[in-house]
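Since the structure comes first, as structure tokens, the remarks are kept for the end.
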Amino acid sequence: MASELLLEASLALTGALVLVLALRVPARRLFGATATYALWWLVPAALVAVLLPAAPEPVMPVLVRATAVPIDGAGTVVAAATTGTDLVAWLAPLWLAGALAMLGWQLWLQRRFHAGLGPLTRRPDGLYQALATRGLPAVVGLRPRIVLPGDFEQRYQAIERDLVLAHERVHLERADLPACALAALLRTLFWFHPLVHLALPRFRQDQELACDAVVMQRHPAHRRHYGDAMLKTRLADQALPLGCHWSGLDPLKERIAMLKQPLPSRTRQATGLLLALLLGLAAAAVAWASQPVSARDGDIPAGMVRMTLQVKVDGEQARGTRAVLAPGQAHSENFEHAGQAWETTWTVNPLADGTFDVQARLVRDGEVVGEPRMVTREAAAIGIGEQQPGGGFKGIEIELAFTAGPPPEGMAAIGIEGEVPAYPKAAAEAGEGGMVMLRVLVGTDGSAREVHYVPEKSTVPADAEITRNTLQAARGWKFSPAIKDGQPVEGWVLVPVKFEPPSPGA
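Next up, the structure:
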């Protein structure tokens with residue numbers, strides 16, 4: 008689940024970053040630096056949308072049935088292979104190690120910067136003054152505060168000091184420090200994503216340009232003094248994870264160049280902000296709609312089974328879907344790929360030990376490719392075809408995942424323990440089989456209080472030896488009783504017992 012969420016978040020993050028990086032320069036020319044900085048909120052908007060529950064998958068109410076343990080000789084049972092377990096087990100600690108390393112590196116940068124400030128002195132105006140000069144003035148810390156360089160009064164003229172302080176106070180007004188903290192968090196979580204590292208300095212650059220634009224909007228007559236103050240500032244060699252300070256030569260050149268440009272009108276700036284807001288909502292909607300339809304455990308109706316299906320044909324993704332199935336009832340998933348028509352049929356029965364009995368029929372262009380059967384836990388894989396010498400697989404590959412819904416209230420749960428009905432040797436050799444449907448009253452202790460043959464739902468006659476053996480075995484079965492208000496209660500359950508003779512030559 009966590010790996011799926013990380014993948015979905017990475018895809019949403021990629022789309023949002025590509026969009027912002029493509030729009031930031033033209034947006035600055037058209038609408039100014041403030042609207043450009045607002046574009047960056049597309050990124051958290053898209054990520055939040057991924058965290059929201061996806062649209063629930065519609066399911067039709069179907070008769071709930073319990074399922075017995077499969078009969079011996081009911082066909083070839085394919086051993087289930089878990090899918091992705093080893094890979095996920097290997098990737099999870101790798102991701103965690105990378106995240107911890109990135110977090111540690113950022114904490115080291117923050118600590119080094121604070122240590123380099125030396126002792127801080129609180130001034131009468133509530134600001135703090137350091138002994139250091141490089142990278143200052145700055146707004147730093149979880150509880151943001153303005154830190155001035157030790158030579159603040161000597162370095163800047165009075166008007167320049169006012170403009171520099173105005174710049175730092177804009178950072179506080181706009182809550183730029185929480186935005187920096189969010190950026191640092193994303194860098195930690197998505198340390199493996201190259202676009203995150205590419206985008207971060209551009210985000211900080213747009214943040215400073217937007218701050219400059221606000222200062223110039225409020226002090227339009229002091230562009231020259233503001234530029235002089237920038238040139239007097241000693242730049243830090245490394246950006247601060249949790250802080251807004253002066254770093255980097257190229258961004259400073261761009262900031263000074265922007266001072267020479269006229270500010271967009273307030274109408275154009277407002278239009279840009281509105282467009283950024285609408286674009287953020289659209290990006291969030293797209294990210295949310297791109298999620299697979301939701302079929303969480305709580306959304307699975309009682310007695311039903313959720314099946315997730317991923318199909319590859321000749322190494323190419325051909326089908327991906329999620330469906331809620333009724334136990335014992337065939338479900339079809341048909342698709343076309345590379346000019347071939349595929350018909351797949353799935354029958355899933357949850358068993359007493361928490362596993363799933365899965366029967367499949369795979370048909371390509373009217374020809375049966377395979378009829379695999381397996382007993383699996385939550386995940387399995389099927390491959391029918393040939394491994395190519397140079398790598399890759401030619402044929403059909405299917406990854407499956409299953410989740411059982413809760414047992415229905417007022418009916419017995421699915422789990423059944425007991426002897427498997429004897430399959431008469433003569434009937435098996437003659438190719439006789441079918442289904443015996445039983446109606447069982449399950450007591451509060453899980454015993455079979457009453458067992459009835461259901462002729463209208465059975466394909467085996469009532470007087471057949473198969474039916475007699477099934478009734479005899481069922482009287483000794485133990486069930487998981489239904490629970491109501493925390494207490495076991497009696498309940499009726501339908502139990503289909505299938506007899507399938509072995510294939511000729513088996």
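Here the numbering used here is used: the first residue of the sequence shown is 8, the next is one more, and so on.
By construction, the Cβ of each residue, glycine as well, lies at the ideal position given by its N, Cα and C atoms.
**Message:** Can you tell me whether arginine 475 is helix, strand or coil according to DSSP?
**Reply:** Counting from one through the sequence shown, the residue named residue 475 turns up at place 468. Of the three classes helix, strand and coil, the one that applies to arginine 475 here is helix, per DSSP.
**Request:** Please list, in chain order, all residues of the same chain as arginine 514 whose beta carbon is under 7 Å from its beta carbon, the five residues on each side excluded.
**Result:** Limits of the chain in this structure are 8 at one end and 513 at the other, which puts residue 514 out of reach.
**Asked** What's the gap between the Cα of glycine 140 and the Cα of leucine 155?
**Response** As a working note, residue 140 is residue 133 in the sequence shown. As a working note, residue 155 is residue 148 in the sequence shown. Here the sequence assigns threonine to residue 140, which means glycine is not the residue at that position. Using only the alpha carbons, I get a separation of about 8 Å.
**Message:** In this structure, how does DSSP classify alanine 325 when only helix, strand and coil are distinguished?
**Reply:** The residue labelled residue 325 in the question sits at position 318 within the sequence shown. Alanine 325 falls in the strand class under three-state DSSP.
**Asked** So is glutamate 167 buried or exposed if we call it buried at 16+ other beta carbons inside 10 Å?
**Response** Translated into positions along the sequence shown, residue 167 becomes position 160. Looking at its Cβ environment, which holds 16 or more other Cβ atoms inside 10 Å, glutamate 167 is buried.
**Request:** Tell me, to the nearest whole angstrom, how far the beta carbon of leucine 445 is from that of threonine 410; I am working on the premise that it is less than 8 Å.
**Result:** Looking up residue 445 in the sequence shown gives position 438. Looking up residue 410 in the sequence shown gives position 403. Going by Cβ atoms, the distance from leucine 445 to threonine 410 rounds to 26 Å, so no, they are not a contact pair.
**Asked** Applying the criterion that 16 or more other CB atoms from any shown protein chain within 10 Å of the CB defines a buried residue, is glutamine 276 buried or exposed?
**Response** Indexing the sequence shown from 1 puts residue 276 at position 269. Looking at its Cβ environment, which holds 16 or more other Cβ atoms inside 10 Å, glutamine 276 is buried.
**Item:** The alpha helix (DSSP H) enclosing arginine 231, as first and last residue numbers
**Value:** The sequence position of residue 231 within the sequence shown is 224, counting from 1. 230-239 is the extent of the alpha helix (DSSP H) around arginine 231.
**Message:** Based on DSSP bridge pairs, tell me the residues matched to valine 55.
**Reply:** Numbered from 1 along the sequence shown, position 48 holds the residue referred to as residue 55. Bridge partners of valine 55: none, in fact.
**Short Cβ contact (8 Å threshold) for phenylalanine 363 with threonine 383** = Your numbering for residue 363 matches position 356 in the sequence shown. Your numbering for residue 383 matches position 376 in the sequence shown. Yes, Cβ-Cβ distance for phenylalanine 363 and threonine 383 is below 8 Å.
**Message:** So, for leucine 20: in the same chain, excluding its five sequence neighbours on each side, which residues have a beta-carbon less than 8 Å away from its beta-carbon?
**Reply:** Taking the sequence shown and counting its residues from 1, the one referred to as residue 20 is at position 13. Taken in chain order, the residues that qualify are Val50, Ala53, Leu54, Leu193, Phe197, His200, Leu202, Val203.
**Which listed residue (Gly327, Trp353, Trp295) has its alpha carbon closest to that of glutamate 343** = The sequence position of residue 343 within the sequence shown is 336, counting from 1. Out of Gly327, Trp353, Trp295, Gly327 has the C-alpha closest to the C-alpha of glutamate 343.
**Prompt:** Which class does aspartate 470 belong to by DSSP, given the choice of helix, strand or coil?
**Reply:** Taking the sequence shown and counting its residues from 1, one reaches residue 470 at position 463. Of the three classes helix, strand and coil, the one that applies to aspartate 470 here is coil, per DSSP.
**Asked** By a C-beta neighbour count over all protein chains shown, 10 Å radius and 16 as the cutoff for buried, is tryptophan 115 buried or exposed?
**Response** Taking the sequence shown and counting its residues from 1, the one referred to as residue 115 is at position 108. Tryptophan 115 counts as exposed, since fewer than 16 other beta carbons sit within 10 angstroms of its beta carbon.
**Request:** Counting only the same chain and skipping the five closest in sequence on each side, list residues whose C-beta sits under 7 Å from that of valine 458.
**Result:** Counting from one through the sequence shown, the residue named residue 458 turns up at place 451. Correct list, in chain order: Leu445, Val447, Leu478, Ala481, Arg482.
**Asked** Given proline 271, which residues of its chain have a CB within under 7 Å of its CB, disregarding the five upstream and five downstream residues?
**Response** In the sequence shown, residue 271 corresponds to position 264, counting from 1. For proline 271, where only same-chain residues beyond five positions count, the Cβ hits under 7 Å are Phe38, Gly39.
**Request:** Enumerate in chain order the residues of its own chain whose CB-to-CB distance from threonine 352 is below 6 Å, with the five nearest sequence positions on each side excluded.
**Result:** Looking up residue 352 in the sequence shown gives position 345. Here the set comprises Ala337, Ser339, Arg368.
**Item:** Cβ neighbour criterion (16 or more within 10 Å) applied to threonine 74
**Value:** The residue labelled residue 74 in the question sits at position 67 within the sequence shown. Interpretation of threonine 74 is limited by its pLDDT of 37, a score under 50 that renders its predicted location unreliable; the figure taken from the coordinates is listed afterwards. Classification of threonine 74: buried, given that the 10 Å Cβ count is 16 or more.
**Request:** Would you check if the distance between the CB atom of glutamine 317 and the CB atom of glutamate 406 is smaller than 8 Å?
**Result:** One-based indexing of the sequence shown puts residue 317 at position 310. One-based indexing of the sequence shown puts residue 406 at position 399. Contact: yes.
**Message:** Measuring only the C-alpha atoms, how far is valine 57 from phenylalanine 486?
**Reply:** Position 50 of the sequence shown, counted from the first residue, corresponds to residue 57. Position 479 of the sequence shown, counted from the first residue, corresponds to residue 486. The alpha-carbon separation between valine 57 and phenylalanine 486 amounts to approximately 41 Å.
**Request:** Report the rounded CA-to-CA distance for glycine 373 versus alanine 42, giving the unit in angstroms.
**Result:** Within the sequence shown, the letter at position 366 stands for residue 373. Within the sequence shown, the letter at position 35 stands for residue 42. Glycine 373 and alanine 42 have their C-alpha atoms roughly 58 Å apart.
**Prompt:** To the nearest whole angstrom, what separates the beta carbons of tryptophan 295 and leucine 59, a pair I think is in contact under 8 Å?
**Reply:** Taking the first residue of the sequence shown as 1, we reach residue 295 at position 288. Taking the first residue of the sequence shown as 1, we reach residue 59 at position 52. Contact holds; Cβ gap of about 6 Å.
**Message:** Do alanine 145 and glycine 234 count as a contact pair if the criterion is CB distance below 8 Å?
**Reply:** Along the sequence shown, one-based indexing puts residue 234 at 227. Along the sequence shown, one-based indexing puts residue 145 at 138. Cβ distance not < 8 Å, so glycine 234 and alanine 145 don't count as in contact.
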